[in-house]
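A quick write-up on the structure given underneath.
4 protein chains.
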Amino acid sequence: MARTIGSNGARTAEAIRQAGVKLIYKHGYEAMSLRQLAAEVGLQSGSLYKYFENKQNLLFDIVRDHMEDLLGKAEADLAGITDPLARLKTFSAFHLRYHMTRMAHVFIANMEIRSLEDEHRAVVVALRRRYEGLLEEILRQGAKDGVFQVREPKVATYAIISMLTGICMWYRPGGRLSQDELVEIYTGLVVNGATGPGAAAAKPFEANPLEAVTAQPRDGGTRAKPRAARPKAVRA
Amino acid sequence: MARTIGSNGARTAEAIRQAGVKLIYKHGYEAMSLRQLAAEVGLQSGSLYKYFENKQNLLFDIVRDHMEDLLGKAEADLAGITDPLARLKTFSAFHLRYHMTRMAHVFIANMEIRSLEDEHRAVVVALRRRYEGLLEEILRQGAKDGVFQVREPKVATYAIISMLTGICMWYRPGGRLSQDELVEIYTGLVVNGATGPGAAAAKPFEANPLEAVTAQPRDGGTRAKPRAARPKAVRA
Amino acid sequence: MARTIGSNGARTAEAIRQAGVKLIYKHGYEAMSLRQLAAEVGLQSGSLYKYFENKQNLLFDIVRDHMEDLLGKAEADLAGITDPLARLKTFSAFHLRYHMTRMAHVFIANMEIRSLEDEHRAVVVALRRRYEGLLEEILRQGAKDGVFQVREPKVATYAIISMLTGICMWYRPGGRLSQDELVEIYTGLVVNGATGPGAAAAKPFEANPLEAVTAQPRDGGTRAKPRAARPKAVRA
Amino acid sequence: MARTIGSNGARTAEAIRQAGVKLIYKHGYEAMSLRQLAAEVGLQSGSLYKYFENKQNLLFDIVRDHMEDLLGKAEADLAGITDPLARLKTFSAFHLRYHMTRMAHVFIANMEIRSLEDEHRAVVVALRRRYEGLLEEILRQGAKDGVFQVREPKVATYAIISMLTGICMWYRPGGRLSQDELVEIYTGLVVNGATGPGAAAAKPFEANPLEAVTAQPRDGGTRAKPRAARPKAVRA
DNA sequence: AATGAATGAGCGTTCATTCAT
DNA sequence: AATGAATGAACGCTCATTCAT
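Chains as they are written, first to last, in our numbering: chain E, 11 to 246; chain R, 11 to 246; chain H, 11 to 246; chain A, 11 to 246.
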């Protein structure tokens, strides 16, 4: 009974993963040393190699798992919704909330792509393309239906995702505005941008605009802890 | 050998600066070695120290000079325009064009802020705040005038700048869409986002929408060369 | 290769310390390179950092440990002796013997104080002051008792210690004169200098003058090995 | 008339020499860089090579010239004095005064011998042997005459010179004790040490003991300036 | 008489990684 | 499952020195 089921190994592996996220977030992949990481979890640096093949693979695992999680959850959120406008709102709200609760993972996935070796980067870029494809398809469908005024869905996709993702550069939990308020503001910009000036009649964004969007805790127990270390800031 | 014939301090300094931008863009500041940089300009690594105090200062010089250039040119572009809508279009177009022609500098300034030491980062962050302040003030004035529907100018500023800046993550000269077309698309999203759904009557963004914005080469001969090295891509 | 078979941390640490003493003695702290030191003990230079924090700390450790050893052994030797003259002879003999058997340490401690960083130097200077204080107190007491003619005990302390310490500049084991003979000669100069011309009646230094002083193996097995490298000499 | 007679070159050479003494005194030969030295005299470091062959020769020139000066002045001071006791007092006083006024040169000559290359060191050591020979001969003659009780003149020479030279480790102009007082104290120790306990009758060191010794400014305008930079101290 | 651009070697130090134990 | 001793390469940086101008 001295040994917890699931073994110490699994727990250590998880601790390493979390410490890795924290340190890469804080210092950047290149600047984080394995000695630091080992110290963070109470090991010698050589012992880390029981848990990953090398430093590069640690990064890859973190980023790939994050991207798969992001993609899977986005697809789950959109499942069953067919109206393009509702899908856009859902996507936007999902993306925002995810980026506000998993800032470190998201930040890493965006900043450290260039630190990935070619093959790993290819995998991650492919996952991201699939994720972007979700939004692109929404915009394309909405344009076809006449509800969006979007000439270039691919460009609009990049633009919208950049805008939404940008929230992780400055958002900090406990700020003046709640997550709900921020979702409303950003989603408003997105929807207005997509529907265009003639859309007034359709009242695309008014009374109780977030009714289809508000829900989801989704992230279970893993919400990014408010006390998480911050990177040297970008919007300090 | 003591001196390469015809060597010239000012020319070398400029070559180092340019090579620095290129290599930091391509590999990241941490990952770029001074030996690489020296090789790029045909020097021994120790000789670089005639041209900068240390590696950190090279980065700082690049980023600070870029930010001052960006800020100065934005202010120059906005000078004399008073109408908030026109100012928003001008700002947006300026930002986009600048980011399409100086991709490497812009990318560095956004990605390597965390590699700056505290004091240097403070200087750069302050410059960026001033730059963001330009847009925020435009949004604030437009909201006061009733032409924009923007509840939180600060948040909208971050959102819009993130969106516009995102262009440097994927834009490559010579692509299917011209700079002018991209400016039109992005500016449309921005203006529609800011004016909101009720703005239809004002027709804020239609026929010939960029007449006041299209022109300017501005950057004279220094346009970022199309052959510039690309970073390991983020949108590859 | 990961590990030299039979390698042993404690043994390596000791080897590094000894090689450090030898090389600093021979070339001086500034002139000794860590690559030299590493080669001397059969390591790569980076591996040394398992054993000290940095080059400066290696020097500090050597010098501080030496000073503490010197001080401790001097106090032990003087313990129980109360007569100022006997104490002076004891101190003088102790100092000489110590300096003849630990020439390298002593030389380093005297020559490399200026290579210590401020904080480290302060620690070492304080230890040396305590050591000098032993002699100063002896002179002061002897002057009070009327056995010494010493107007300025502090100055006399410096003078005597300089004289005695100087032996490590030229003494080499196996020379014409034995350690005992040298102790007698130097101690004679010291005692005569301190007691002054009128002291004849007291016969402070004649027949069997070292009877209270001769003893001491003290340093057991650690006698400085005669084969030790010599510094580029100062009295070559 | 724009050009001062003696030319700028000679003046620069002298400035370099003085700055060299100052910086070697302060930081040590190894630790002093030629860039520092050049900055001190307002030149580029490459320009120094008009004034010396290389760094090592600068040190050698300083040390050799100092030794020749020391030797020459000692011989001049002793000229015409025949009585061993008077010669001992003269030598002692000369050595002390010289060491109190030329601390930097003396310090360098003592500390940096090991930084000299073999050939240069040989020259300097030979000069020092001649200097030590002066004292040794005095002691030998005095012993023969029965006025000194010195069994081993060579050892006594080393001992006495070490003692006297030690003054440059702690003496600072403007201290509580004047140069004259210090000369008296130290010379007392030396003379008492040499004459031994039975010498009381000869009253070797009493009433106006320095009458033959006090004089000489000798060092003309070049007295070490009290404001001279100090080395990181050895007796701080 | 001096500059200023450059060299090439070497410095102290850190790093990811290996592997016998 | 983990340690701890070690590697070998590379890093940022400083140095004495050279020499065309």
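We put the CB at the ideal spot given by N, CA and C, even for glycine.
For a contact meaning CB atoms closer than 9 Å, what does T175(R) contact in chain E?
S172, G176
Cβ shell of Q151(R) (< 6 Å), same chain only, five flanking positions each side left out:
P94
Can you tell me whether DSSP reads V116(H) as helix, strand or coil?
helix
Report the rounded CA-to-CA distance for E129(A) versus E122(A), giving the unit in angstroms.
14 Å
Can you give the Cα-Cα distance for S55(A) and E85(A), rounded to whole angstroms?
38 Å
Where the segment 144-167 of chain H meets chain A: residues whose CB sits under 7 Å from a CB there:
R161, E162, V165, A166
Chain A residues whose Cβ lies nearer than 8 Å to that of P183(H)
Here the premise fails: no neighbours, minimum Cβ distance about 15 Å.
Look up P94(E) in the DSSP assignment and say whether it is helix, strand or coil.
helix
Strictly below 7 Å CB to CB, what residues from chain A border L326(H)?
The question about residue 326(H) has no answer, for chain H in this structure spans 11 to 246.
Closest residue to F62(H) among A41(H), A153(H), R27(H) (Cα-Cα distance):
Nearest to F62(H) by C-alpha distance, out of A41(H), A153(H), R27(H), is R27(H).
Out of N202(E), L149(E), S188(E), A48(E), point me to the one whose CA is closest to T92(E)'s CA.
L149(E)
Check whether L137(E) and L68(E) have beta carbons under 9 Å apart:
The answer is no: Cβ separation not under 9 Å.
Taking Cβ-Cβ distances shorter than 8 Å, what residues in chain E pair up with I195(R)?
Within chain E, the residues near I195(R) are R161, E162, V165, A166, A169.
Which residue from Y39(E), G52(E), Q46(E) puts its Cα closest to that of R21(E)?
G52(E)
Rounded to a whole number of angstroms, what is the C-alpha to C-alpha distance between N18(E) and Y59(E)?
16 Å
Out of Y39(R), G203(R), A48(R), state which residue places its alpha-carbon closest to the alpha-carbon of H115(R).
Y39(R)
Check each residue of the segment 66-100 of chain A: if its Cβ is closer than 9 Å to any Cβ of chain H, include it; give the result in chain order.
none
With DSSP as the reference, label G184(E) as helix, strand or coil.
coil
Alpha carbon to alpha carbon, how far is A23(A) from L98(H)? Give it in angstroms, no decimals.
50 Å
Going by beta carbon distance, what residues of the same chain come within less than 8 Å of T175(E), once the five residues before and after it are set aside?
Only H105, H109, V116, N120 meet the Cβ criterion.
Contact criterion: CB-CB distance below 9 Å. Does R140(R) meet it with respect to chain E?
no
So T100(E) and D87(E) are in contact, right, with Cβ under 8 Å, and what is the actual spacing, rounded?
6 Å
For the segment 154-162 of chain A and the segment 159-174 of chain H, state whether three or more C-beta atom pairs, one from each stretch, are separated by less than 8 Å.
Under the three-pair Cβ rule at 8 Å, the segment 154-162 of chain A does not count as touching the segment 159-174 of chain H.
Please report the Cβ distance between Y196(E) and A153(R), rounded to the nearest whole angstrom; I am assuming they are in contact, meaning their Cβ atoms lie under 8 Å.
Rounded, the Cβ-Cβ distance is 17 Å, inconsistent with contact.
Short Cβ contact (9 Å threshold) for G206(E) with F158(E)
A contact, by the Cβ cut-off of 9 Å.
Just by C-beta distance, which residues in the segment 25-46 of chain E are closer than 7 Å to chain R?
Residues G38, E40, A41.
Helix, strand or coil for G7(H)? Go by DSSP, reduced to three states.
Past the boundaries of the shown model lies residue 7(H); chain H is included only from 11 to 246, so the question cannot be answered.
Taking G156(H) as the reference, which of C178(H), A204(H), R182(H) has the closest Cα?
It is A204(H) whose Cα lies nearest to the Cα of G156(H).
Taking the continuous alpha helix (DSSP H) assigned at E24(H), which residues delimit it?
19-37
Tell me, please, whether the CB atom of R124(R) is closer than 9 Å to any CB atom in chain E?
yes
Against L137(A), what residues of chain H qualify as contacts under a CB-to-CB distance less than 7 Å, listed in chain order?
Within 7 Å Cβ-Cβ: nothing; L137(A) doesn't reach chain H, min ~13 Å.
Given this structure, state the Cα-to-Cα distance separating R74(A) from A132(A), to the nearest angstrom.
About 11 Å.
So what's L126(E) in DSSP terms, helix, strand or just coil?
L126(E): coil per DSSP, three-state reduction.
Taking just the CA atoms, how far does F70(H) sit from G143(H)?
Answer to the nearest angstrom: the Cα atoms are 22 Å apart.
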